[in-house]
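Here the structure comes first, spelled out in structure tokens, and everything after it is commentary.
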Amino acid sequence: RMARVSQGSQRRLAASVKGIFWGCVIFTCRTPECDWPKKSTEVKICPCSVLLHTSVSRKGLEEFFDNPKNWGKEVKSGDSWTVEQLRGKSSDDLHKLWYVLLKERNMLLTLEQESKRQSQKMPSPERLEKVIKSMERMDQVIQEREDALRLLQTGQEKEWYTYREWPIPWYLNARHKKKRFYYLPNVKPFIRLRYEKLLRMQYKEAAKQRREKRLQEKTLAAESES
1 RMARVSQGSQ RRLAASVKGI FWGCVIFTCR TPECDWPKKS TEVKICPCSV LLHTSVSRKG
61 LEEFFDNPKN WGKEVKSGDS WTVEQLRGKS SDDLHKLWYV LLKERNMLLT LEQESKRQSQ
121 KMPSPERLEK VIKSMERMDQ VIQEREDALR LLQTGQEKEW YTYREWPIPW YLNARHKKKR
181 FYYLPNVKPF IRLRYEKLLR MQYKEAAKQR REKRLQEKTL AAESES
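Dropping the structure here:
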């Protein structure tokens, strides 16, 4: 059994949504203050209306490719973001910049893959390196802020780690032992000799740098006296 709807209810329901204009839907409400125009061509917004904005819909895969004007050309790009520049930005700006870099990185990776498929050289490959460096430095800045906040709130310098209980010990886990490499007992003396050789080389290099520094200081002192 269907209920009958009066003509007044139909008019109120039809007046609840007035129209759609360029991706913007205008929802209105029926109040005595709203004086609707009699002609259908006239548009009047009620004071108690609510505007719902929707962005322009883009169809296709154009966002994953570079501008067609830059295809096959060398594109000039600026330097990557430094840590000092990123530290001066707020968290909201970093959040927005992260998605801009992520979108640029996806576009450049698509361009790189397409260049490999066509056996051609990727134009301006340094752009991808700059984007990757900027994202790594942004991760560093965000981690510094998280560490500072945790140190201020809890006094813990490093983040907490939850230990998990394994069903069997590591030395009985065959799958885990395959990932590890163990030296034989007869190889350990040679490993110690290798470490000793490496430490001697590092000591000689440090001594050489100290001698060069002292010689440079003496030369500068002699030039200043003369």
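Taking full-length UniProt numbering, I'd label the letters of the sequence shown as residues 1 to 226. The beta-carbon is built from N, C-alpha and C at its ideal position, and this holds for glycine as well.
Within-8 Å CB hit, residue i to chain B
i, result
"alanine 174", "Included in the structure is just one protein chain, with no chain B present."
Burial state of residue i (16 or more Cβ within 10 Å)
i, result
"histidine 176", "exposed"
"leucine 184", "exposed"
"aspartate 93", "exposed"
"leucine 108", "buried"
"arginine 127", "buried"
"aspartate 66", "buried"
"isoleucine 191", "exposed"
Rounded Cβ spacing between residue i and residue j (contact assumed at less than 8 Å)
i, j, result
"tryptophan 81", "serine 134", "4 Å"
"arginine 137", "valine 83", "5 Å"
"glycine 72", "proline 123", "6 Å"
"lysine 121", "serine 77", "That pair is no contact at about 17 Å."
Start-to-end residues for the alpha helix (DSSP H) that takes in residue i
i, result
"methionine 138", "126-154"
"methionine 122", "Careful: methionine 122 lies outside any alpha helix (DSSP H) and carries neither H nor E."
"residue 227", "Any property of residue 227 remains undetermined from this structure, which presents the chain solely from 1 to 226."
"lysine 73", "Per DSSP, lysine 73 belongs to no alpha helix (DSSP H) and is neither H nor E."
"serine 91", "91-117"
Closest Cα partner of residue i within the set the options
i, options, result
"valine 75", "Leu111, Leu61, Trp98, Arg164", "Leu111"
"glutamine 156", "Tyr163, Asp147, Arg164", "Asp147"
"glutamate 114", "Glu159, Trp98, Phe64", "Phe64"
Near the ligand COA: residue i beta-carbon under 7 Å from a heavy atom
i, result
"tryptophan 166", "With respect to the ligand COA, the structure shown offers nothing to examine, as it has no ligands at all."
Quick check: the stretch 135-145 against the stretch 73-90, are there 3 or more CB pairs under 8 Å?
Short answer: they touch.
Would you check if the stretch 97-114 and the stretch 144-163 touch, i.e. whether three or more CB-CB distances between them fall below 8 Å?
Touching, no, given that fewer than three Cβ pairs across the two stretches are closer than 8 Å.
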